[in-house]
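449 is the number of the first residue of the sequence shown in this note's numbering; add one for each residue after it.
Read through the structure below, which is laid out as C-alpha cells, and then see the notes.
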Amino acid sequence: MPNILQVTEPGVSKTQQIKNDLNIKSPNVILPQGPDAVTGVAGKENGAQNGASGGGVDFASNYQNFLTKLGESAEISKQLANLLFGADTQLQASEITPQFAELMDTLYSELTMNSADEIAKYIDDQQKTQVMFKGGFFDAIRKMMKDDMSPVMRSNILRFIQQYSSMAEGPHHLEQMKNLGEDIRNLMLPSVRGDLEDVLEQMDWDAPAGDTKKNTEILNSQVIPFLSKYISRTHNYGPIRTASVLFSLYAVKYENGDSDDLDALFKRLMRYGDFGLFFEDEPEAEYAKLKEELQKQQGQPISKLIADVLERGARGEGGADSADRAQQVMKHLLMNQSVYMPLLHMLVPFRYQDKNVVSEMWIDPDAHRDRNSEGSGKKIFVKFSIQKVGSFELVAYMEKGALDMQLFVPGTLEEQYSNVNRQVSEIVKRNGLRINSLQVAEKVRDLRVDQVFPEIREKERGINVTV
449 MPNILQVTEP GVSKTQQIKN DLNIKSPNVI LPQGPDAVTG VAGKENGAQN GASGGGVDFA
509 SNYQNFLTKL GESAEISKQL ANLLFGADTQ LQASEITPQF AELMDTLYSE LTMNSADEIA
569 KYIDDQQKTQ VMFKGGFFDA IRKMMKDDMS PVMRSNILRF IQQYSSMAEG PHHLEQMKNL
629 GEDIRNLMLP SVRGDLEDVL EQMDWDAPAG DTKKNTEILN SQVIPFLSKY ISRTHNYGPI
689 RTASVLFSLY AVKYENGDSD DLDALFKRLM RYGDFGLFFE DEPEAEYAKL KEELQKQQGQ
749 PISKLIADVL ERGARGEGGA DSADRAQQVM KHLLMNQSVY MPLLHMLVPF RYQDKNVVSE
809 MWIDPDAHRD RNSEGSGKKI FVKFSIQKVG SFELVAYMEK GALDMQLFVP GTLEEQYSNV
869 NRQVSEIVKR NGLRINSLQV AEKVRDLRVD QVFPEIREKE RGINVTV
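Right, dumping it as C-alpha cells:
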C-alpha cells in the first residue's frame with residue numbers, strides 16, 4: 449500500500465538508552481507541571497543558559513524523556529477503556545468507596561450519547577478544553593525560542609509560560625485544596641474541626657482561572673496559619689502535617705496564577721522590539737484570544753468528571769488494580785500537554801448504541817507546513833476501540849475540503865472492506881467534504897504518534913523548558 453500520508457519510522461531512539469524518569473511529583477495532579485519545574489531562570493538574567501553547563505536543568509534529557517514516554521503510550525486508550533467500562537469496577541466492588549461508585553454512575557450517564565449530533569457536540573466541547581500551550585500565541589512563542597535573543601528576554605518568556613501554566617491550573621489547584629481540606633478536617637481533633645470548617649467556608653472554590661486575590665488572602669492570612677498553629681500545638685507530625693504541606697504547595701502554585709500578574713508580564717514582553725515580529729496577528733489580539741480560550745475550557749462537566757475519576761482512582765478509591773490504570777492515564781495526559789507537544793490531543797470516551805467507545809485523537813492544524821503547501825491543511829490521527837468490534841486507527845490529511853485517508857480495521861472485518869469503504873465515503877460526503885483517496889487495510893500493529901507525526905522529534909518545534 450502506498451504511504452500516502454508520510455507515516456514514517458522515527459530516526460532516533462534505536463538504542464533504548466534514554467532515561468525513563470518523567471518527573472511527576474504527585475499522581476493526583478492531572479495538569480502539566482512543565483513550566484512550574486523551571487528553576488534558576490526567573491530571577492537570573494543568565495538563567496536560560498545555565499542548563500547547558502551541567503549544573504542546572506538538562507534540557508536535552510527532558511526532551512528525551514518526553515520522546516521516551518511518547519513511545520510508551522500506545523496502550524493508554526485501552527487502559528482508560530478498562531478503567532471506565534471494563535470489569536475492574538465489578539471485580540473490585542468491595543474495594544470501591546461509595547463516593548467513587550456514585551461518581552462513576554454520574555460519569556457513565558454523562559458519557560451515554562443518544563445521537564451522532566450529540567457525539568459531535570461532545571467532541572467539540574472536549575476540543576475547547578485542550579488549549580494548554582496551543583494556538584497562535586504559543587506558535588509565536590515557539591518561533592521565538594528557536595531564535596537568538598537576549599538572556600533577559602528568554603528569562604521573561606519562561607516566567608510568562610510558568611505563570612500562564614499556574615493560571616490555567618488554578619481551578620485544579622482549588623479542587624485539590626478543597627479535597628485536602630476535607631481530609632485534614634477529618635484527621636483533626638473533633639473539638640477544632642468546626643473552626644477549620646468556618647475558615648474554609650470563606651473560600652470561593654468555583655473562582656475562575658486567574659481570579660486569585662480573594663482566595664489567596666484567605667489562604668495566607670487564615671487557613672495556612674491555622675494549620676501551622678494546630679500542628680505546633682498538637683505535635684502531630686503524621687498524616688495531618690503531610691497533607692498540610694501539600695495544601696501549602698498547592699496554595700503557592702495557585703497564588704502564582706493571578707491574571708493581573710500575567711498581564712504585567714505580557715506588557716513587559718511587549719517592550720521588546722522584536723517580540724511582535726513573531727506573531728501573524730497583533731500580539732494583543734492573540735493574547736486576548738488566549739485568555740478567552742482559557743476561560744472557555746473551565747467547567748466542562750464531562751472533562752471535570754473524568755478528571756475526578758482519575759484523581760480518586762489514583763488514590764485507590766476504585767480498587768488497587770484501578771489505581772495503577774488511573775495513574776498511567778494521568779501520566780499520559782500530562783505528557784500530551786507538554787510544551788514539547790505541538791499537536792492538539794483529545795481523549796474521548798463515550799457510549800453509543802449500547803457499545804462502549806474510547807477514542808484518542810491527535811491533530812496538527814498546520815500540517816501544510818510539512819508539505820510545502822500554501823493552503824491550510826490539517827493532519828489527523830485517531831485511535832478508537834469499539835466494544836465487541838475491535839480497535840481501529842485512522843490517519844487523514846485534509847486540505848481545502850479534500851481528504852486523503854488510511855483506515856486500519858480489525859481483521860474480523862476483512863470481508864467487509866468494500867462495505868466499510870462505501871460507508872466512510874458516504875459519511876464524508878454528507879459532511880460536505882470530498883475524498884481524494886481512501887485506503888482500508890487490516891490493522892496488524894499499533895501506530896505510534898511519532899510515526900504519524902515525525903516532526904515531533906524535531907526539537908526546535910517545542911519550547912525548550914523543563915517538563
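We treat Cβ as the ideally placed atom computed from N, Cα and C, and that holds for glycine.
Quick caveat: nothing in here was measured; it's all calculated off a predicted structure.
Worksheet entry | Per DSSP, the bridge partner or partners of Phe829 | Taking the first residue of the sequence shown as position 1, residue 829 is located at position 381. Answer by DSSP bridge pairing, in chain order: Trp810 and Val843.
Fill in: DSSP-derived helix/strand/coil call for Ile904
Numbered from its first residue, the sequence shown carries residue 904 at position 456. Helix at Ile904.
Item to complete: Answer with buried or exposed for Leu725, where buried requires no fewer than 16 other C-beta atoms within 10 angstroms of its C-beta.
Response: As a working mapping, residue 725 is identified with position 277 in the sequence shown. Counting every other CB atom within 10 Å of its CB across the protein chains shown gives Leu725 a total below 16, marking it as exposed.
Fill in: Whether Phe798 touches Met552 by CB criterion (7 Å)
Taking the first residue of the sequence shown as position 1, residue 798 is located at position 350. Taking the first residue of the sequence shown as position 1, residue 552 is located at position 104. No, Cβ-Cβ distance for Phe798 and Met552 is not below 7 Å.
Worksheet item: Residue range of the alpha helix (DSSP H) that Met783 falls in?
Response: Locating residue 783 in the sequence shown gives position 335, counting from the first residue. DSSP places Met783 in the uninterrupted alpha helix (DSSP H) bounded by Ala768 to Asn784.
Fill in: Of the residues Ile544, Glu703, His793 and Ser692, the one placed nearest Val897, counting alpha carbons only
For the purposes of this step, residue 897 is identified with residue 449 of the sequence shown, where counting begins at 1. For the residues Ile544, Glu703, His793 and Ser692, the minimum Cα distance to Val897 belongs to His793.
Worksheet item: With Phe832 and Ser807 assumed to form a contact (beta carbons below 8 Å), what rounded beta-carbon distance in angstroms separates them?
Response: Start at 1 with the first residue of the sequence shown, and residue 832 comes out as number 384. Start at 1 with the first residue of the sequence shown, and residue 807 comes out as number 359. Yes, they are in contact, since the Cβ atoms of Phe832 and Ser807 sit about 4 Å apart, within 8 Å.
Worksheet item: Hey, is the segment 680 to 694 in contact with the segment 710 to 728, meaning 3+ C-beta pairs nearer than 8 Å?
Response: Contact between the segment 680 to 694 and the segment 710 to 728 is absent, because fewer than three Cβ pairs lie under 8 Å.
Practice prompt. Measure from the alpha carbon of Ser613 to the alpha carbon of each residue in Asn704, Leu753, Asp587 and Arg590, then state which is nearest.
Written response: For this step, residue 613 is matched to residue 165 along the sequence shown. Taking each of Asn704, Leu753, Asp587 and Arg590 in turn and checking the Cα distance to Ser613, the smallest one comes out for Asn704.
Worksheet item: Leaving out the 5 sequence neighbours to the left and right, which residues in its chain are closer than 7 Å to Asp729 when beta-carbon positions are compared?
Response: Position 281 of the sequence shown, counting from 1, holds the residue named residue 729. If we look at Asp729 and ignore the five residues flanking it on each side, its Cβ neighbours are Gly584.
Practice prompt. Please state whether DSSP places Met853 in a helix, a strand or coil.
Written response: The count along the sequence shown starts at 1 and reaches residue 853 at position 405. The DSSP-derived three-state label of Met853 is strand.
Worksheet item: So Phe798 is in the beta strand (DSSP E); what residue range does that whole segment cover?
Response: Taking the sequence shown and counting its residues from 1, the one referred to as residue 798 is at position 350. Per DSSP, Phe798 belongs to the beta strand (DSSP E) from Leu792 to Tyr800.
Item to complete: Could you have a look at Thr560 and say whether DSSP puts it in helix, strand or coil?
Response: Sequence index remark: in the sequence shown, residue 560 carries index 112 (1-based). Here Thr560 sits in strand by DSSP.
Fill in: Gly534 - DSSP class collapsed to helix/strand/coil
Here residue 534 corresponds to residue number 86 of the sequence shown, with the count starting at 1. Looking at Gly534 - three-state DSSP - the assignment turns out to be coil, as it is neither helix nor strand.
Worksheet item: So, are the CB atoms of Val876 and Ile834 less than 7 Å apart?
Response: By one-based count along the sequence shown, residue 876 stands at place 428. By one-based count along the sequence shown, residue 834 stands at place 386. For the pair Val876 and Ile834, the CB atoms are not nearer than the 7 Å cut-off.
Worksheet item: Expressed to the nearest angstrom, what Euclidean distance is found between the alpha-carbon atoms of Glu623 and Val700?
Response: Against the sequence shown, residue 623 aligns to sequence position 175. Against the sequence shown, residue 700 aligns to sequence position 252. For Glu623 and Val700, the distance between alpha carbons rounds to 14 Å.
Worksheet item: Which class does Asn879 belong to by DSSP, given the choice of helix, strand or coil?
Response: Mapped onto the sequence shown, residue 879 falls at position 431. Here Asn879 sits in coil by DSSP.
Fill in: Gln547 vs Val777 beta-carbon contact at 7 Å
Here residue 547 is taken as the residue at index 99 of the sequence shown, counted from 1. Here residue 777 is taken as the residue at index 329 of the sequence shown, counted from 1. By the CB criterion at 7 Å, Gln547 and Val777 fall outside the cutoff.
Fill in: Reduced DSSP category for Ser885 - H, G, I as helix; E, B as strand; rest coil
Counted from its first residue, the sequence shown places residue 885 at position 437. Of the three classes helix, strand and coil, the one that applies to Ser885 here is strand, per DSSP.
Worksheet item: Considering only C-alpha positions, which residue in the set Ser839, Ile679 and Arg870 is nearest to Thr860?
Response: Numbered from 1 along the sequence shown, position 412 holds the residue referred to as residue 860. Proximity to Thr860 across Ser839, Ile679 and Arg870 peaks at Ser839, based on C-alpha coordinates.
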